[in-house]
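Engineer: My structure is below; once you've seen it, I'll send some questions.
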Amino acid sequence: MTGHAVQVSGPARLSFTLINLDAMSLRRNGIAALAVQRPGLTVRVRPSRDGEFRVLGAEPETSADLSAALATLEKLWDGPPVTVTLTRALPQHSGFGSKTVTLLAVGRAYAAVCGHEAALPALSEALGRGRTSGASTGLSEFGGFLVDGGHRNPADFADAPATYLRPSRFAQPVPVPKPVVKLPFPPWSILVLLTNGRHLGGTEELAWFQRVTPIPEEEARRTAQLVFMGLAPAVAESDYDAFCDAVNEITFVSHFKREQIAFQGVAVEDVLAAGRAAPAIDAIALSVTGPACFAFTRTPDAARDWAESLKRRGLVRDFWFTNADNRGLTLDHVA
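Take the sequence shown: its letter number 34 is residue 60 in this note's numbering, and every next letter is one higher.
Put into structure tokens, the structure is as follows:
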């Protein structure tokens, strides 16, 4: 056990789409996602001098989640009380994978304080994450672009798909899905847009999820084709045009993404329509149910002007450029 603080930094997650959400496939869920440098996360974990657990710099929901996670890990590793400080936090319920990434970053730091090396899939499972998507876990471990294969469906799945098609918080305990595609992402410019859309979480997310799933079987197959024969080979070949074609097809045609956009309504629909029409924007997407959108461009200066125009019109609250993070979580011992 070290008396020094441990600092863990890591990327945000952007999600292109969940894949198999029908009632007939052999597997459910699966996701295509990307790690980006900004917004990022930085946490520090230091042994407490007064024997108390504390969480500083976090929103109330995140603070409660971290306190519960630390109680679990304290028992698992017989660890000491610590003070956790979020010096850079991810926005909640915005499409950045904030809950899982934050729990994993703090868990990895606490493991180091306890003298352990925590495997992220096992840590994610211990903390009840990865029951729908393995994206935040896999991207925290590897960075870059990944596709996971979701979970194998049990024999009774088709009889009661709503029992299994659930957000991670409400899903049954299952191992974290492993990446079946894991690639470094090219140095393409990524424009992140914070729209004025709605935040979705908790029981509202469960109710919404069960209202829109299962999706038609043919739509799940089409989404799988767009991911495995569109996004993934384009990333592997650094084929920017093919990648953008696949992103736009997912955004404007694929069934489940259209449901996610419909939940957001005009606050996001107008931003996506503006991106589709803008010469400076080559592709645009909504990360999970948002409200964050992200776009790709060959002309960052022109894209910046376009984003500024959206901000002046009140269509976005903020925007920034970033690049992919091809490393995942990083750990340092600090004084």
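We put the beta carbon where it would ideally sit given N, CA and C, even for glycine. The structure displayed is predicted, hence computed values, not measured ones.
Tell me the start and end of each unbroken alpha helix (DSSP H) in the segment 161-203 that is at least 4 residues and wholly inside, in chain order.
Structural biologist: Qualifying alpha helix (DSSP H) stretches, in chain order: 161-168.
Engineer: May I ask which residues mark the beginning and end of the alpha helix (DSSP H) holding His281?
Structural biologist: 281-290 is the extent of the alpha helix (DSSP H) around His281.
Engineer: Below 8 Å, how does it come out for the segment 81-90 and the segment 189-206: are there three or more Cβ pairs, yes or no?
Structural biologist: At 8 Å Cβ cutoff, the stretches do not touch.
Engineer: Roughly how many whole angstroms lie between the Cα atoms of Gln251 and Ala58?
Structural biologist: If you take the alpha carbons of Gln251 and Ala58, they lie about 12 Å apart.
Engineer: Between Phe322 and Asp331, which are expected to be in contact by the criterion C-beta below 8 Å, what is the C-beta distance as a whole number of angstroms?
Structural biologist: The pair is not a contact, with the Cβ atoms about 16 Å apart (cut-off 8 Å).
Engineer: Return yes when the Cβ of Asp174 is within less than 7 Å of the Cβ of Gly387, no when it is not.
Structural biologist: No answer is possible for residue 387: it lies beyond the span of the chain, which begins at 27 and ends at 361.
Engineer: For the segment 298-305 and the segment 327-345, state whether three or more C-beta atom pairs, one from each stretch, are separated by less than 8 Å.
Structural biologist: With a cut-off of 8 Å, the segment 327-345 and the segment 298-305 count as touching, because enough Cβ pairs lie within range.
Engineer: Specify, as a first and last residue, the run of the alpha helix (DSSP H) that Val273 falls within.
Structural biologist: Start and end: 266-278.
Engineer: What would DSSP say about Gly141, mapped onto helix, strand or coil?
Structural biologist: The answer is coil: DSSP assigns Gly141 none of H, G, I, E or B.
Engineer: Measuring alpha carbon to alpha carbon, tell me which residue in Tyr136, Lys283, His359 is nearest Trp103.
Structural biologist: Trp103 has its Cα closest to that of Tyr136, out of Tyr136, Lys283, His359.
Engineer: Would you mind sorting Gly121 into buried or exposed? The rule is 16 or more other CB atoms within 10 Å of its CB.
Structural biologist: Per the 10 Å Cβ criterion, buried.
Engineer: Asn274 to Ile310, Cα distance in whole Å?
Structural biologist: Straight-line Cα distance between these residues: approximately 6 Å.
Engineer: Within a Cβ cutoff of 6 Å, which residues of the same chain sit near Gln33, ignoring the five residues on either side of it in sequence?
Structural biologist: Around Gln33: Arg70, Asp358, Val360.
Engineer: Among residues of its own chain, excluding the 5 on either side of Glu295, which ones have a beta-carbon nearer than 7 Å to its beta-carbon?
Structural biologist: Hits under 7 Å: Ile287.
Engineer: To which residues does DSSP link Ile310 through a beta bridge?
Structural biologist: Ile310 pairs with Ala321.
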